[in-house]
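**Student:**
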Ligand code: UD2
Ligand code: MN
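Residue numbers (UniProt numbering): 13 to 601.
This is the structure:
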């Protein structure tokens with residue numbers, strides 16, 4: 013609300029004008045280390061490698077605009093790590109409940125507001141490309157279940173802000189029977205007050221899942237082209253024209269933007285590498301390198317065997333002719349491979365358009381289940397295997413023998429569709445569209461892409477013991493420093509003990525004895541930090557070590573503190589940053 017915004021602005025103003033660490037202040041742009049390419053953790057579905065060039069850049073002119081209704085924005089292409097700073101219990105609650113309900117940092121999402129600048133992640137050549145003025149107009153369909161309002165509205169506003177009005181036929185929101193009462197009310201009010209006539213809202217009377225949800229959205233659409241987006245996206249500069257042009261040229265072309273990465277912990281927007289979609293025999297989508305022969309330039313569209321699923325554009329009539337989606341698929345999963353196989357096997361083509369960039373919040377877990385608790389991914393994959401994969405479905409069953417006799421419902425209509433459209437065989441698809449698949453040993457579990465590429469460890473900036481100025485003791489592992497999940501405590505400093513040595517690197521990781529990273533639980537910031545395997549994607553393992561000697565944790569917005577300096581137990585924990593001596597640390601070599 014307005015008053016919280018005002019209080020927040022004042023607090024921030026005071027905070028930043030009272031001379032905090034220059035390293036993390038909004039106005040300071042630290043010298044950047046060499047670009048690093050690290051492995052994206054396997055559980056997120058982000059495109060493999062991240063370039064985190066801009067991550068700790070101070071926010072350029074980061075100020076908060078006055079205004080009502082939470083539409084305030086940080087006019088910044090990038091964020092300060094301080095965006096997640098917790099000032100009081102209310103912040104704490106927003107953050108913790110946000111992780112619980114949405115699996116990303118809702119505190120930062122709310123503070124960002126509904127509009128923000130984004131780094132233009134396109135290749136420079138894209139800026140010189142021109143597109144026909146006359147292009148088909150788009151109906152943007154966004155289906156959501158229990159989405160955080162700020163993320164949903166930022167998705168909507170990014171479309172309104174960055175799409176020429178004549179190309180935007182409409183925006184259709186499909187509320188998949190969300191259970192959060194506040195979300196329903198707040199969305200209704202906001203749409204009434206600010207977006208009347210600009211956004212259509214369709215409400216499902218029961219939870220349908222994203223697959224039928226999108227079909228419902230599409231059935232309300234009247235634009236020539238359908239564009240599907242997840243409900244936590246931000247479209248970037250000139251994103252739509254490059255998607256519409258290839259469809260205009262050939263309406264059997266389906267196109268995907270490059271999906272840039274919005275960090276779930278920090279909301280920082282960073283570019284994705286140029287990769288394309290594949291899959292493994294477990295029928296999981298994966299990102300693959302683009303074969304050189306497929307790439308004719310940094311700005312040229314290229315063919316992709318599959319799509320990630322959430323973000324694509326397609327001629328509306330073609331969507332209908334091609335059989336929309338399989339309405340027997342539930343909630344989540346598998347529909348992306350199903351539509352990809354169908355496009356290629358039945359005479360269409362699927363392209364990725366590097367000049368179109370859309371950011372997506374890649375979460376580490378899905379914050380919702382299915383109504384009956386079923387594994388909908390398995391159900392949906394079975395349907396897709398039985399309809400589209402011919403004998404190659406045996407590859408799937410070899411990995412998932414327990415599914416061989418599982419019921420998957422009636423697929424009669426989909427089999428008839430395949431026949432009616434006179435689609436190619438799955439072998440044709442593998443031979444012509446995804447030959448890489450045939451080369452790999454089919455039954456071996458697939459390695460994630462990029463395992464060995466770009467895994468260079470980040471440069472260490474500082475090394476030494478981490479001494480608490482209050483306790484005059486050093487931060488060490490409570491048990492063995494090799495023990496994953498182990499806690500840290502303060503103990504007598506021993507300059508000769510290698511197991512007390514921390515390295516602080518350019519990725520802002522704190523690594524003990526060259527082994528494990530200091531990590532904060534993203535679910536509950538009241539938990540103490542632990543030693544975990546370094547994952548290389550910032551957030552829960554990102555610490556800033558400032559001049560005022562505090563150790564600020566970016567993802568939880570708090571500082572590391574000695575809890576009771578007199579107790580021999582030496583417990584430490586996270587606390588609201590207050591500059592006290594209990595929160596002062598020195599990394600000494
Ligand atoms: C990816 C896709 C997603 C979908 C999925 C496989 C991207 C960026 N995302 O997973 O679009 O293809 O793979 O199925 O490629 N939703 C509902 N009702 C539900 C469940 C989800 O409306 O019952 C909405 C949800 O709010 C979101 C969208 O569907 O807007 C996709 O769900 P997700 O973000 O959890 O999927 P994601 O990105 O993990
Ligand atoms: Mn998503």
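C-beta atoms are modelled at their ideal positions from N, C-alpha and C, and glycine is treated no differently.
Using only the heavy atoms of ligand 1, determine whether one of them is closer than 6 angstroms to the beta carbon of residue 391.
**Tutor:** Taking the chain shown and counting its residues from 1, one reaches residue 391 at position 379. Residue 391 Cβ: outside cutoff for every heavy atom of ligand 1.
**Student:** Excluding the five sequence neighbours on either side, which residues of its own chain have a C-beta within less than 8 angstroms of the C-beta of residue 366, listed in chain order?
**Tutor:** Here residue 366 is taken as the residue at index 354 of the chain shown, counted from 1. Excluding sequence neighbours, residue 366 sits near 134, 135, 138, 270, 286, 310, 311, 312, 313, 314.
**Student:** Just the Cα atoms here: how many angstroms apart are residue 121 and residue 162?
**Tutor:** To locate residue 121, count along the chain shown from 1; it is residue 109. To locate residue 162, count along the chain shown from 1; it is residue 150. The straight-line gap from Cα to Cα measures roughly 6 angstroms.
**Student:** If we call anything under 7 angstroms between Cβ atoms a contact, is residue 607 one with residue 272?
**Tutor:** For residue 607 there is no data in the structure shown, the boundaries of the chain being 13 and 601.
**Student:** If you reduce the DSSP assignment to three classes, tell me which class residue 562 lands in.
**Tutor:** Numbered from 1 along the chain shown, position 550 holds the residue referred to as residue 562. The answer is strand: DSSP assigns residue 562 an E or B state.
**Student:** Quick one: is the Cβ of residue 115 within less than 6 angstroms of any heavy atom of ligand 1?
**Tutor:** As a position in the chain shown, residue 115 is number 103, starting the count at 1. Because no heavy atom of ligand 1 lies under 6 angstroms away, the Cβ of residue 115 does not count as near it: no.
**Student:** Under 7 angstroms, Cβ to Cβ, is there at least one residue of chain B near residue 320?
**Tutor:** In the displayed structure, chain B is absent; only one protein chain is listed.
**Student:** Quick one: using the 10 Å Cβ neighbour count with 16 as the cut-off for buried, is residue 100 buried or exposed?
**Tutor:** By 1-based counting over the chain shown, the position of residue 100 is 88. That one is exposed.
**Student:** From residue 130 to residue 175, what distance separates their C-alpha atoms?
**Tutor:** Along the chain shown, read from residue 1 onward, the residue named residue 130 stands at position 118. Along the chain shown, read from residue 1 onward, the residue named residue 175 stands at position 163. The alpha-carbon atoms of residue 130 and residue 175 are separated by roughly 14 angstroms.
**Student:** Please indicate yes or no: does the CB of residue 290 lie closer than 6 angstroms to some heavy atom of ligand 2?
**Tutor:** What you label residue 290 is simply residue 278 of the chain shown in a count that begins at 1. No, the beta carbon of residue 290 sits no closer than 6 angstroms to any heavy atom of ligand 2.
**Student:** Using DSSP with H/G/I as helix, E/B as strand and the rest coil, what is residue 83?
**Tutor:** Position 71 of the chain shown, counting from 1, holds the residue named residue 83. In this prediction, residue 83 scores a pLDDT of 36, lower than 50, which makes its location untrustworthy; the coordinate-derived value is nonetheless stated afterwards. Looking at residue 83 - three-state DSSP - the assignment turns out to be coil, as it is neither helix nor strand.
**Student:** Report the rounded CA-to-CA distance for residue 572 versus residue 279, giving the unit in angstroms.
**Tutor:** As a first step, residue 572 must be located in the chain shown, where it is residue number 560. As a first step, residue 279 must be located in the chain shown, where it is residue number 267. Their Cα atoms are separated by approximately 22 angstroms.
**Student:** If you run the structure through DSSP and keep just helix, strand and coil, what is residue 533?
**Tutor:** For this step, residue 533 is matched to residue 521 along the chain shown. Residue state, collapsed to three classes: coil.
**Student:** Hey, would you say the C-beta of residue 685 is under 6 angstroms away from at least one heavy atom of ligand 1?
**Tutor:** There is no way to answer for residue 685, as the model of the chain reaches only from 13 to 601.
**Student:** Note the first and the last residue of the continuous beta strand (DSSP E) segment covering residue 326.
**Tutor:** Walking along the chain shown from the start, residue 326 turns up at place 314. Segment 324 to 327, the beta strand (DSSP E) holding residue 326.
**Student:** In chain order, which continuous runs of the alpha helix (DSSP H) of length 4 or greater are located wholly inside the stretch 311 to 359?
**Tutor:** DSSP runs (the alpha helix (DSSP H)) wholly in the stretch 311 to 359: 328 to 333, 347 to 357.
**Student:** Out of 331, 601, 570, 305, point me to the one whose CA is closest to residue 119's CA.
**Tutor:** Reading the chain shown from its first residue, position 107 is the one you call residue 119. When each option's Cα is compared against that of residue 119, the closest is 570.
**Student:** Need the endpoints of the alpha helix (DSSP H) that residue 388 sits in, please.
**Tutor:** By 1-based counting over the chain shown, the position of residue 388 is 376. Run containing residue 388: 388 to 400, per the alpha helix (DSSP H) assignment.
**Student:** Is residue 157 close to ligand 1? I mean its beta-carbon at under 6 angstroms from any heavy atom of the ligand.
**Tutor:** The residue labelled residue 157 in the question sits at position 145 within the chain shown. Checking the Cβ of residue 157 against ligand 1 gives yes.
**Student:** Terminal residues of the continuous beta strand (DSSP E) containing residue 523?
**Tutor:** Counting from one through the chain shown, the residue named residue 523 turns up at place 511. Residues 522 to 524.
**Student:** Does the Cβ of residue 73 have 16 or more other Cβ atoms within 10 Å, making it buried, or fewer, making it exposed?
**Tutor:** By 1-based counting over the chain shown, the position of residue 73 is 61. Model confidence at residue 73 stands at a pLDDT of 27, short of 50, so the residue's coordinates are unreliable and nothing is read from them.
**Student:** Output the distance between the C-alpha atoms of residue 382 and residue 299, rounded to the nearest integer angstrom.
**Tutor:** Residue numbering aside, residue 382 sits at position 370 when the chain shown is read from its first letter. Residue numbering aside, residue 299 sits at position 287 when the chain shown is read from its first letter. Between residue 382 and residue 299, the C-alpha separation is close to 26 angstroms.
**Student:** Please determine whether the Cβ atom of residue 316 lies at a distance below 6 angstroms from any heavy atom of ligand 1.
**Tutor:** The residue you call residue 316 lines up with position 304 of the chain shown. Outside the cutoff, so no.
**Student:** Provide the residue(s) that pair with residue 226 in DSSP beta bridges, ordered along the chain.
**Tutor:** Indexing the chain shown from 1 puts residue 226 at position 214. According to DSSP, residue 226 bridges with nothing at all.
**Student:** Would you kindly report the start and end of the unbroken beta strand (DSSP E) that includes residue 500?
**Tutor:** For the purposes of this step, residue 500 is taken as the residue at position 488 of the chain shown. Note, residue 500: beta strand (DSSP E), 500 to 503.
**Student:** Based on the DSSP secondary-structure assignment, which residues constitute the bridge partners of residue 211?
**Tutor:** For the purposes of this step, residue 211 is taken as the residue at position 199 of the chain shown. Beta-bridge pairing links residue 211 to 183.
**Student:** Does residue 1 come out as helix, strand or coil in the three-state DSSP assignment?
**Tutor:** The structure shown does not extend to residue 1, since the chain spans only 13 to 601, so no value can be given for it.
**Student:** Give me the Cα-Cα distance between residue 397 and residue 259, rounded to the nearest whole angstrom.
**Tutor:** Residue 397 sits at position 385 when you count from the first residue of the chain shown. Residue 259 sits at position 247 when you count from the first residue of the chain shown. C-alpha separation (whole angstroms): 28 angstroms.
**Student:** Which of the three DSSP states, helix, strand or coil, is assigned to residue 597?
**Tutor:** Residue 597 sits at position 585 when you count from the first residue of the chain shown. Residue 597: strand per DSSP, three-state reduction.
**Student:** In whole angstroms, what is the alpha-carbon distance linking residue 145 and residue 257?
**Tutor:** Along the chain shown, one-based indexing puts residue 145 at 133. Along the chain shown, one-based indexing puts residue 257 at 245. Answer to the nearest angstrom: the Cα atoms are 9 angstroms apart.
**Student:** Use the C-beta contact count for residue 284: other C-beta atoms within 10 angstroms, 16 or more gives buried, fewer gives exposed.
**Tutor:** Stepping through the chain shown from its first residue, residue 284 is reached at position 272. Residue 284 should be labelled buried.
**Student:** Using DSSP's beta-bridge definition, name the partner residues of residue 155.
**Tutor:** Taking the first residue of the chain shown as position 1, residue 155 is located at position 143. Per DSSP, 186.
**Student:** Using the Cα positions of residue 566 and residue 521, report the straight-line distance between them to the nearest angstrom.
**Tutor:** As a working note, residue 566 is residue 554 in the chain shown. As a working note, residue 521 is residue 509 in the chain shown. The straight-line gap from Cα to Cα measures roughly 11 angstroms.
**Student:** Measuring CB atoms only, is the stretch 205 to 212 touching the stretch 181 to 190, in the sense that at least three cross pairs come out at less than 8 angstroms?
**Tutor:** As far as the Cβ criterion goes, the stretch 205 to 212 touches the stretch 181 to 190, which means the pair count is three or higher.
**Student:** Among 482, 159, 368, 168, which residue has its Cα nearest to the Cα of residue 128?
**Tutor:** Translated into the one-based positions of the chain shown, residue 128 becomes position 116. Closest option to residue 128, Cα to Cα, is 168.
**Student:** Starting from residue 433, follow its DSSP beta bridges and name the residues at the other end.
**Tutor:** Working through the chain shown from its first residue, we reach residue 433 at position 421. The partner list for residue 433 (beta bridge, DSSP) is empty, contrary to what the question assumes.
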